[in-house]
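Going line by line, the protein sequences match chains A and B. Residue numbers for the first sequence, in this note's numbering: 221 to 697. Residue numbers for the second sequence, in this note's numbering: 221 to 697. We put the CB at the ideal spot given by N, CA and C, even for glycine. Following: one structure in structure tokens, then a few remarks.
Protein chains: 2
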Amino acid sequence: MVNWMDGLALLDSTGPISGVNLFSSAVSTIATVVEEAPEVENVMVLGGVLLSLFAIYVASKVGGEFFNWLGFPPVLGELLGGVVIGISALHLIVFPEEGAIAADSVVMKILQATAGLDPAVAQPTFEIQSEVVNILAELGVIILLFEIGLESNIRELLDVGIQSLLVATIGVAVPFAAGTAGLMLIFHIPAIPAIFAGAALTATSIGITSRVLAEIGRLSSKEGQIILGAAVIDDVFGIIILAVVASLAKTGDVDVVNVIYLIVSASVFLVGAILLGRFFNSSFNALAEQFNTRGKVVIPALSFALIMAYIGSAIHLEAILGAFAAGLVLDEATIQDKKLNELVQPIADIMVPLFFVTVGAKTDLSVLNPAVPANREGLVIASFLIVVAIVGKIAAGWGAFGNMPLNRLAIGVGMIPRGEVGLVFAAVGSESGALSPALDVAIILMVILTTFVAPPMLRVVFGDEETGEPKPEEASV
Amino acid sequence: MVNWMDGLALLDSTGPISGVNLFSSAVSTIATVVEEAPEVENVMVLGGVLLSLFAIYVASKVGGEFFNWLGFPPVLGELLGGVVIGISALHLIVFPEEGAIAADSVVMKILQATAGLDPAVAQPTFEIQSEVVNILAELGVIILLFEIGLESNIRELLDVGIQSLLVATIGVAVPFAAGTAGLMLIFHIPAIPAIFAGAALTATSIGITSRVLAEIGRLSSKEGQIILGAAVIDDVFGIIILAVVASLAKTGDVDVVNVIYLIVSASVFLVGAILLGRFFNSSFNALAEQFNTRGKVVIPALSFALIMAYIGSAIHLEAILGAFAAGLVLDEATIQDKKLNELVQPIADIMVPLFFVTVGAKTDLSVLNPAVPANREGLVIASFLIVVAIVGKIAAGWGAFGNMPLNRLAIGVGMIPRGEVGLVFAAVGSESGALSPALDVAIILMVILTTFVAPPMLRVVFGDEETGEPKPEEASV
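Listed below in structure tokens is the structure:
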């Protein structure tokens with residue numbers, strides 16, 4: 221939530237024009253008073269956005285490359301790059317929703333020092349540029365979910381096998397139930413934040429798992445196939461749960477009828493989009509085949525993702541649910557010899573880091589400083605979430621039934637990393653206002669730790685021997 | 221310029237909460253009153269942005285493909301697609317700077333009808349989402365100029381030959397002098413808008429000219445080479461003139477010292493960037509060669525363009541001058557076997573239409589309705605600009621001196637289309653507030669007409685016979 225009036229109320233502390241005079245004027249003269257107030261200049265807002273994007277991209281590349289060089293998933297580096305430039309450290313990227321004002325923002329200080337930003341309008345300029353960066357980050361997560369949808373093949377999803385389905389179901393149900401119940405019963409956290417945190421425990425990052433499996437040559441092993449199938453189903457379960465939980469947070473009310481209604485509407489939306497999509501997909505292909513100008517395939521695809529995101533948001537589910545559904549619908553599109561996901565990739569390359577870095581920038585690590593006694597409960601909660609996150613997914617490995625000689629521990633460990641999907645949960649929760657800062661940071665710590673421990677654990681439980689499988693493809697340029 | 225206080229003043233006319241009560245409260249209770257006021261919801265701003273982007277992309281593709289099918293440059297179709305969805309017709313995309321309020325915006329009406337937007341906050345929601353779309357369009361023109369810079373090769377620019385230089389100089393000087401003097405002396409337009417309109421006459425669209433030359437197989441003819449060289453030099457002259465003129469518009473003051481200072485600083489910025497860039501270019505390549513994660517080349521390149529755009533803007537020139545300089549610096553980069561302009565192309569494909577469609581959407585055609593007597597002068601001005609635009613560039617053809625048998629008329633005609641560069645001038649002029657709506661629309665009409673007439677005229681003056689040259693490449697997907 222953004223309240224633009226806060227900006228006005230703050231004007232009097234930062235600007236030469238007295239806020240008291242502004243507001244105590246007779247109502248009939250408001251229009252004239254407004255004319256005299258200094259105006260927010262578009263060029264300053266643009267300057268703030270340019271500096272913010274520059275800081276975000278530098279943080280994402282430095283963090284991502286460094287973590288990749290260390291052998292960790294780059295997404296964690298982008299997240300921690302965000303932490304470095306955000307509220308916890310450098311204060312380059314801070315947001316009014318987190319309580320920051322213009323004087324806290326290093327970007328605004330740079331604008332004042334180098335571009336001559338009038339301090340009287342620093343606060344509204346800061347708020348508008350922050351909102352632009354926020355919306356760009358939200359477009360980033362919409363593109364991320366669209367890309368995940370494009371990479372999830374519906375046909376494969378349907379043949380993924382009963383074992384993957386069972387692994388996914390246990391891997392969603394156990395952490396969700398244990399997490400939510402534990403937070404409510406042990407830590408006396410109210411229902412909505414507890415459900416949100418429980419829901420964040422359900423995700424599995426298919427990207428990180430499949431990359432590690434490919435690196436150790438286990439992608440096409442029986443265990444690898446079960447993990448990948450379960451991770452895809454997890455995404456679908458997870459996004460339905462997220463839509464339901466976010467909607468609960470909006471109404472603030474957890475009654476059974478509402479929960480059932482939301483689960484049904486989210487599922488109907490997703491399934492309906494896929495069924496209608498079969499018809500749409502062929503019309504889309506036929507249309508795009510006729511086009512000849514620049515962006516002839518990617519613009520129709522992106523437009524479809526945007527309008528589906530809007531519909532998802534308008535029916536009080538989530539924009540990202542719509543984008544994910546759009547990706548599922550279009551996933552088999554191959555137009556003019558180009559796979560759609562290859563075309564969306566360069567857009568995701570520049571948009572998705574905006575999301576990861578922004579999540580990091582909003583993460584206030586100071587709420588977990590153990591030197592402050594009030595923070596210790598947050599640390600205990602974070603530890604609890606991490607244990608549930610790991611144990612719950614390992615338990616899921618035993619969902620792979622039957623007498624086959626399967627490495628069930630490896631299957632469970634493969635489901636541990638939360639990665640980008642867990643961050644989406646944290647961001648939606650934080651945005652909804654349902655999560656306390658401590659719980660928000662606890663979820664992000666859980667995501668970071670599960671994502672860090674999974675790759676080395678997977679190597680250990682699989683025995684780390686090399687197989688003859690091909691290595692993962694080169695990253696895109 | 222955006223004044224967020226206007227939104228507050230308008231609240232009382234659109235919302236259930238009385239603005240009178242809100243503003244007549246005692247000053248000491250402002251903080252509490254603010255708490256009670258309805259808040260702008262982030263999800264509604266995002267919804268507005270999603271709908272706006274959808275409308276913009278649909279307009280750009282429908283317009284662009286239709287015009288391409290008719291044999292005209294797609295950019296004109298995108299522009300006219302914008303006119304259709306903008307202030308002149310459908311009112312989907314309207315902007316507060318143009319005097320629109322939330323009640324004028326069809327996107328806001330859709331948000332109210334489908335997503336439950338509270339009418340009390342429709343006005344601030346409209347203003348924030350409009351600002352986000354504005355900034356996205358400005359990022360679009362920054363990417364456009366970065367791409368034009370990447371496509372302009374400095375080495376070729378230096379060897380382009382004295383004939384191209386002379387053609388470019390005449391093609392810049394004649395329309396600029398004739399246009400500015402004519403507007404001031406005949407139409408009594410003040411100096412700053414007259415200089416702006418004169419400057420808009422200097423541009424040549426290398427994209428449209430080179431496409432038509434390729435279609436008629438004349439790209440490698442002597443005339444074709446002179447035209448292309450001159451068009452590239454035109455871009456450099458044009459962007460320096462634009463930076464100078466926009467800066468004049470900001471100070472509102474045309475004195476000789478200031479003009480000389482601005483010309484020198486814009487030229488020093490551009491030349492300095494290029495010289496420093498030679499060193500930077502090799503460090504950039506060496507750095508990018510080391511990177512392995514997604515977006516490893518495109519993100520450093522984009523970051524460089526963004527920070528150069530910021531510097532251009534901060535030193536009171538233009539953000540697009542910085543982006544153009546960044547493109548010139550990086551133009552020879554070939555990293556990991558990929559040409560940089562191929563990597564930037566997919567980003568330009570989605571960002572640049574935002575600019576063209578937004579320019580169209582802001583173009584209020586009603587100011588040229590000949591049925592309104594007050595508009596007739598605007599129409600006369602538009603006709604004057606069009607004549608100067610065509611005659612001035614044809615005159616430039618005779619800058620190709622010497623005894624060679626050259627088709628000098630063809631050279632002049634090849635310089636006629638203003639295309640995207642002319643639109644950049646119109647947008648910067650409109651943004652600066654220097655242009656009256658009528659003059660703004662007159663410039664856009666000039667751009668449209670010169671761009672329309674050039675392709676058929678070129679075919680006629682070249683004799684339209686087919687040559688053995690290869691056809692232009694396929695458009696990107």
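The C-beta separation of V667 of chain A from L643 of chain A comes to about 6 Å, placing the pair in contact by the 8 Å criterion. Going by beta carbons, I614 of chain B and T670 of chain B fall outside the 9 Å limit. CA-CA distance, P676 of chain A to T345 of chain B, rounds to 47 Å.
Taking each of A:S656, A:F682, A:T389, A:A463 in turn and checking the Cα distance to N595 of chain A, the smallest one comes out for A:S656. Under the three-state reduction of DSSP output, K559 of chain A falls in the strand class.
Within chain B, no C-beta atom comes less than 8 Å from the C-beta of E367 of chain A; the nearest is roughly 11 Å away. Taking every protein chain shown into account, the CB of Y277 of chain A has 16 or more other CB atoms within 10 angstroms, so this residue is buried. Apart from sequence neighbours up to five positions away, the residues of its chain that approach I330 of chain A with a beta-carbon distance below 8 Å are L271, ordered along the chain.
Relative to D455 of chain A, the option among A:A411, A:A545, A:V673 whose CA is nearest is A:A545.
Contact between the segment 419-426 of chain A and the segment 644-664 of chain A is present: three or more C-beta pairs spanning the two stretches fall below 8 Å. At a cut-off of 9 Å between beta carbons, P566 of chain A contacts chain B.
Spatial neighbours of V464 of chain A in its own chain (CB-CB distance under 7 Å, excluding positions within 5 residues in sequence) are listed in chain order as V479, L482, I483, A486. DSSP, reduced to helix, strand and coil, places V260 of chain A within a strand of the structure shown.
Listed in chain order, the non-local C-beta contacts of I664 of chain B below 6 Å within the same chain comprise T583, A646, local neighbours out to five positions each way being set aside. Annotation: the continuous alpha helix (DSSP H) that includes E298 of chain A extends over 294-305. Where V517 of chain A is concerned, there is no enclosing alpha helix (DSSP H), because DSSP gives it neither an H nor an E. One thing to note: E285 of chain B has its Cβ within 9 Å of the Cβ of Q510 of chain A. With contacts defined as CB atoms closer than 9 Å, G497 of chain B and V295 of chain B fail to qualify as a contacting pair. Listed in chain order, the beta strand (DSSP E) runs fully inside the segment 582-636 of chain B amount to none, counting runs of at least 3 residues. A525 of chain B and A543 of chain B do touch by the CB rule: their CB atoms are close to 5 Å apart, below 8 Å. Contact of V269 of chain A with chain B by beta-carbon distance below 8 Å involves I355, L359. Per DSSP, reduced to three states, the secondary structure at T424 of chain A is coil, with no helix or strand assignment. Taking a C-beta distance under 9 Å as the contact criterion, V260 of chain B and I348 of chain B qualify as a contact pair. Of all residues in the segment 284-302 of chain A, the ones placed with a Cβ closer than 7 Å to any Cβ belonging to chain B are G284, E285, N288, P294, in chain order. Put simply, the backbone Cα of Y530 of chain B is about 34 Å away from that of F672 of chain B. In the structure shown, the three-state DSSP call for A545 of chain A is helix. Under the Cβ distance rule, H536 of chain A counts among the residues neighbouring chain B, one pair being separated by less than 9 Å.
In the DSSP annotation of this structure, the continuous segment of the alpha helix (DSSP H) that includes D454 of chain B starts and ends at 442-471. The Cβ atoms of A534 of chain B and A335 of chain A lie closer than 9 Å to each other. Between M528 of chain B and A506 of chain B, the beta carbon gap of about 19 Å keeps them out of contact (Cβ cut-off 8 Å). E358 of chain B has its alpha-carbon roughly 11 Å from the corresponding atom of G267 of chain A. Put simply, the CB of S523 of chain B is near chain A, with a gap under 9 Å to one of its CB atoms. Between L548 of chain A and S372 of chain A, the gap from beta carbon to beta carbon is short of 9 Å. Under the Cβ criterion of 9 Å, K281 of chain B is counted among the residues facing chain A. Taken through DSSP and simplified to helix, strand or coil, F499 of chain B comes out as helix.
Interface with chain B (9 Å Cβ-Cβ cutoff): L563 of chain A is included.
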